[in-house]
Amino acid sequence: MGATPAQRVMLDLRRRTGLSQAELGRRAGVPRSIINAYEHGRREPGADSLSRIAASVGLELRVAPPARDIDLEKAGRILGQVLDLAESLPARKRGGLRYPVLNAPPK
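See the structure below:
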């Protein structure tokens, strides 16, 4: 069984900052034993605790909707339909490329 999201956050915070459990706990106002329990999955921090711990190392915890998995086959079919539609549109003839007239350098 893999690490919980809270465990990954806690371990990543400490790895990035190089802080010990005791120092992180001191900065966040959380006992070291609780930090240890969070990291080992024996306890799950609430949003308030996790936010306070992140703030103690200068980070802000934000809540966002989970990322959706992309169905690559469906995305490929849709892209194919868009490209087919683009090819079926009438083409507009454009004039040729126009380059500025350059004078020869003086001799």
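Take 1 as the starting number for the sequence shown in my numbering and just add one per residue.
Ideal placement from N, C-alpha and C gives every residue a C-beta, glycine not left out.
Taking Gln58 as part of the alpha helix (DSSP H), name the residues at either end of that continuous run.
The question names Gln, yet the displayed sequence has Gly at residue 58. Premise fails: Gly58 is in no alpha helix (DSSP H) and is neither H nor E.
What would DSSP say about Ser20, mapped onto helix, strand or coil?
In the structure shown, Ser20 adopts coil according to DSSP, grouped into three states.
For the alpha helix (DSSP H) containing Gly80, name the first residue and the last one.
DSSP places Gly80 in the uninterrupted alpha helix (DSSP H) bounded by 72-88.
Would you tell me roughly how many angstroms separate the C-alpha atoms of Arg54 and Arg68, rounded to the nearest one?
Note that residue 54 corresponds to Ala in the displayed sequence, not to Arg. When only Cα atoms are considered, Ala54 and Arg68 end up about 25 angstroms apart.
Could you give the residue range of the alpha helix (DSSP H) that holds Asn103?
Note, Asn103: premise wrong, no alpha helix (DSSP H); not H, not E.
Distance, Cα to Cα, Glu39 vs Gln81?
Distance between the alpha carbons of Glu39 and Gln81 is about 48 angstroms.
Consult DSSP for Val108 and reduce its assignment to one of helix, strand or coil.
Outside the displayed range of the chain (1 to 107) lies residue 108, so it cannot be described from this structure.
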